[in-house]
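Each residue of the sequence shown is one higher than the one before, counting from 19 in the numbering used here. Have a look at the structure below before the remarks.
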Amino acid sequence: MPIAHADLRAVAGVLDRQAMRPALEAVAQATRGSGRSLALLTLDIDHFKDYQDEHGPAQAQQVLTQLAMLLQQLLPPGASLAYMGADEFVVILPETSLAAAAELGERLRDRIASALAQLGGLRPLTATVGVAASPPNQGWQANTLLALADARMTFAKRRLLPHHNLVWAGTLPSDWYLRLEVQAGVWPSL
């Protein structure tokens, strides 16, 4: 059974998928005009489907709500949190470099692991985070930035050991860039 979509409307300031797209585009447009960097984090909760299957949708909803509240507390001023559905979140970080975003991703990953340590049994709930930042030129698109952050998160979960509880802002194999229609050398990586 797929992971249920949680209702996080009760968590103040959390954007849903529909509200995230125009918010991201507005920040991207302002960022391109300023010449500064825009960074994104994509977070996926590791082992969440197993947790939901074992504990049920109501408990899964409670965990996602608590997680959204924790993330809201940990984000820097000006950042936005969006819930994309299932067990995925996006953090929009205006005026943030790739290195600073990766550092924040590590802090969030660590705090999530600590906060959810008692949950999940043999497979504790953790987070895998993909990080991307805009290139220095003005010819980039918000949807490409989001796709790159998501691809880095997916790459970490599928190709890097231990396949969970990771932050990745590094390069991807060349065929991944081709699928994203992204020029590898243009987009910053660590």
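Using N, Cα and C, we set each Cβ at its ideal position, and we do this for glycine too. On a predicted model such as this, the values are computed, not experimentally measured, just so you know.
| Unbroken stretches of the alpha helix (DSSP H), 4 residues or longer, contained in the region 58-106 | If we require 4 residues or more, the alpha helix (DSSP H) runs fully inside the region 58-106 come out as 66-73 and 75-92.
| Near S152, which residues of its chain fall below 7 angstroms by C-beta distance, leaving aside the five closest residues on each side in sequence? | For S152, the CB contacts under 7 angstroms within the same chain, skipping 5 residues up- and downstream, are T49, S55, L56, W158 and L163 in chain order.
| query | Taking Cβ to Cβ, would you say L198 is nearer than 9 angstroms to L166? | reply | Yes, the Cβ-Cβ distance between L198 and L166 is below 9 angstroms.
| field | Cβ pair I63, L178 closer than 9 angstroms | value | Contact: no.
| Do you know offhand how far A160's Cα is from A150's? | Distance between the alpha carbons of A160 and A150: 11 angstroms.
| query | From A41 to Q201, what distance separates their C-alpha atoms? | reply | Each residue's Cα considered, the two are about 25 angstroms apart.
| message | Helix, strand or coil, according to DSSP, for P40 in the structure here? | response | P40: helix per DSSP, three-state reduction.
| query | In three-state DSSP terms, what is G157? | reply | Three-state result, G157: coil.
| field | Inter-residue Cα distance where the pair is A38 and G96 | value | First, the amino acid is wrong: residue 38 is Met here, not Ala. Their Cα atoms are separated by approximately 14 angstroms.
| request: Could you pull the start and end residues of the beta strand (DSSP E) that G53 belongs to? | output: G53 -> no beta strand (DSSP E), and no H or E assigned at all.
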